[in-house]
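Trainee: Here it is, the structure in full.
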Amino acid sequence: MSIYEEVEFEDLDYDPTTQIYTYPCPCGDKFSISLEALWDGEDVATCPSCTLRIEVIYDEEDLPPLREDDDDDDESEGGGEGDGVKQEGEKEGAEEKKEDIDEALSTVTKKSLAVK
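Under the numbering used here, think of the first position of the sequence shown as 166, with each following residue one higher.
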């Protein structure tokens, strides 16, 4: 995998609503990587319009915390009779959140392409 550029975490733009970091790509679009991906140790942001990739240089201690509604690990542990229903609702909420993020990324891409 070829890296176009190494970019410091502080140079990325952050959208707290979608929890997505972006950085301008030479093609006119934007590289993007989610906060969750950064917390998972991923450090490569991709551009949806071309093959370029950037490596994000960061320390985990500099990352903002993930929103509680995005973290399933804490609530799914512990067992109990009502957990099955709660987990179904959490799955539906997570799917809706993913759709919102996909829609936001699509909108950003369309806007940046329209600027060309």
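All C-beta atoms, glycine included, are put in the ideal place defined by N, C-alpha and C.
#1: Are the beta-carbon atoms belonging to Trp204 and Leu231 less than 8 Å from one another?
#2: So, are the CB atoms of Tyr186 and Ile219 less than 8 Å apart?
#3: Look up Ile185 in the DSSP assignment and say whether it is helix, strand or coil.
#4: Alpha carbon to alpha carbon, how far is Glu175 from Leu270? Give it in angstroms, no decimals.
#5: According to DSSP, Arg232 sits in a beta bridge with which residue or residues?
#6: Helix, strand or coil: which one does DSSP assign to Glu225?
#7: Can you look up Gly243 in the DSSP assignment and give me helix, strand or coil?
#8: Please name the residue, chosen from Asp227, Glu268, Thr216 and Pro229, that lies closest to Ile168 on a Cα-to-Cα basis.
#9: Could you check the C-alpha separation between Lys262 and Asp194 for me, to the nearest Å?
#10: For a test of the three-state rule: what should DSSP assign to Gly249, helix, strand or coil?
#11: Would you mind working out which of Ala202, Cys190 and Asp180 sits nearest Glu171, comparing C-alpha positions?
Mentor: According to the data block:
#1: Reading the sequence shown from its first residue, position 39 is the one you call residue 204. Reading the sequence shown from its first residue, position 66 is the one you call residue 231. Result yes, Cβ atoms of Trp204 and Leu231 sit closer than 8 Å.
#2: As a first step, residue 186 must be located in the sequence shown, where it is residue number 21. As a first step, residue 219 must be located in the sequence shown, where it is residue number 54. The answer is no: Cβ separation not under 8 Å.
#3: Walking along the sequence shown from the start, residue 185 turns up at place 20. It is a strand residue.
#4: Working through the sequence shown from its first residue, we reach residue 270 at position 105. Working through the sequence shown from its first residue, we reach residue 175 at position 10. Rounded to whole angstroms, the separation of the alpha carbons of Glu175 and Leu270 is 21 Å.
#5: Sequence index remark: in the sequence shown, residue 232 carries index 67 (1-based). Arg232 is not bridged to any residue.
#6: Within the sequence shown, residue 225 is the residue found at index 60, counting from 1. In the structure shown, Glu225 sits in a helix (DSSP, three-state: H, G or I).
#7: Your numbering for residue 243 matches position 78 in the sequence shown. Bear in mind that the predicted position of Gly243 carries a pLDDT of just 47, short of 50, making it too unreliable to give a figure here.
#8: Stepping through the sequence shown from its first residue, residue 168 is reached at position 3. Out of Asp227, Glu268, Thr216 and Pro229, Thr216 has the C-alpha closest to the C-alpha of Ile168.
#9: Looking up residue 262 in the sequence shown gives position 97. Looking up residue 194 in the sequence shown gives position 29. Their backbone Cα atoms lie some 23 Å apart in a straight line.
#10: Locating residue 249 in the sequence shown gives position 84, counting from the first residue. Only weak support exists for where Gly249 lies, its pLDDT of 47 falling under 50; the coordinates are left without a value.
#11: Numbered from 1 along the sequence shown, position 6 holds the residue referred to as residue 171. If we check each option's Cα against that of Glu171, Cys190 comes out closest.
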